[in-house]
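When you line the sequence shown up against this note's numbering, it's residues 18 to 258, in that order.
Input: a single structure, listed below in structure tokens.
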Amino acid sequence: MIKISNVSKTYNNSIKAIDNLSLNIKSGEIVGFIGLNGAGKTTLIKMMTGILRPDSGSITINGMDIVEDALDAKQIIGYIADSPDMFLRLTGYEYINFIADIYKVPLSVRKKRINDLAEKFNLLDQLNKPMQGYSHGNRQKMMVVACLVHNPKVWILDEPLIGLDPKSALVLKNMMKEHAKSGNTVFFSTHVLEVAEKLCDKVAIINEGKIVFYGTLDELKGKYSKKDDLEKLFMEVVSHE
Ligand SMILES: Nc1ncnc2c1ncn2[C@@H]1O[C@H](COP(=O)(O)OP(=O)(O)OP(=O)(O)O)[C@@H](O)[C@H]1O
Ligand SMILES: [Mg+2]
């Protein structure tokens, strides 16, 4: 469960990226986070994961405050950043091991977990090569493996499907479904409305730093007139408020 209460964030004393935003994300649900470029998705995700500090308001992850109990809260978060271009001089294996060290994943379970995940995402032949030589999609997938290596309960993913081939995207989508089904929280941003429609229990739509809709797709379709076309619905929501 993620509880976001009255959170605001302004950059450089001028751009109000997040404006008094509140949102409760229950365990057991996949929530898709959608909004125009610059709407505030990455900013909110960075505050949810403790990378950025809110100017005001608070965020708890399974009851732990991300600022006050940062270490405990971060221990249960799996985060995928919006860009996979980090630590490129390391091999995939070194990078994943580095993350596994930080999260204190016991050596006894680590090897099998890395192997299983790498196999699922067709990465076995990449593990021992430096990441700077990877294709974009393989970099992204290595970030996914590193995110999951410590078996986090709460998944907070910033555009996790970008660049993944259809097979790998399907693997990740199925993992997201399974994870939520086992009672965990999955929150991810995407620009692909079809993904949001097919995968998510609920969608949160953000516009200019405010949540303008939060609910199921059926509720969204019931609320606005252009019932079947998700693109038109989305346009209506972000232009209404
Ligand atoms: N480091 C920063 N310094 C100053 N302004 C920033 C910074 N990061 C984001 N912003 C501004 O904050 C607002 C929200 O940006 P954010 O990256 O959160 O949007 P987003 O919804 O993730 O967009 P996208 O769909 O393009 O990823 C934008 O106006 C952006 O220009
Ligand atoms: Mg973003």
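In this text, a Cβ means the ideal position worked out from N, Cα and C, and glycines have one as well.
| Query | Result |
| --- | --- |
| I need the straight-line Cα distance from Gly49 to Leu187, nearest angstrom please. | 16 Å |
| In angstroms, rounded to a whole number, what distance separates the CA positions of Gln157 and Ala221? | 24 Å |
| With distances taken between CB atoms, is the gap from Ile32 to Thr66 smaller than 7 Å? | no |
| By Cβ distance below 8 Å, which residues in the same chain neighbour His41 in space, the five residues on each side in sequence not counted? | It should be pointed out that residue 41 corresponds to Asn in this sequence rather than to His. Hits under 8 Å: Met18, Ile19, Lys20 and Ile21. |
| To the nearest angstrom, how far is it from the Cα of Lys26 to the Cα of Asn37? | 8 Å |
| For a quick check, are the C-beta atoms of Asp175 and Ile76 less than 7 Å apart? | no |
| Just to confirm, is the Cβ distance from Gly57 to Gly226 under 7 Å? | yes |
| Does DSSP put Pro169 in a helix, a strand or coil? | coil |
| Could you please give the first and the last residue of the uninterrupted alpha helix (DSSP H) stretch that includes Ile94? | Element bounds for Ile94: not the alpha helix (DSSP H) but the beta strand (DSSP E), Ile94 to Ile97. |
| Please output, in chain order, the residues near ligand 2 using a CB cut-off of less than 7 Å to any non-hydrogen atom of the ligand. | Lys58, Thr59, Asp99, Asp175, Glu176 and Ser206 |
| For Ala259, is the beta carbon positioned less than 6 Å from some heavy atom of ligand 1? | Residue 259 is absent from the model: the chain starts at 18 and stops at 258. |
| Contact between the stretch 159 to 167 and the stretch 112 to 121 is defined here as three or more beta-carbon pairs at a separation below 8 Å; is this criterion met? | yes |
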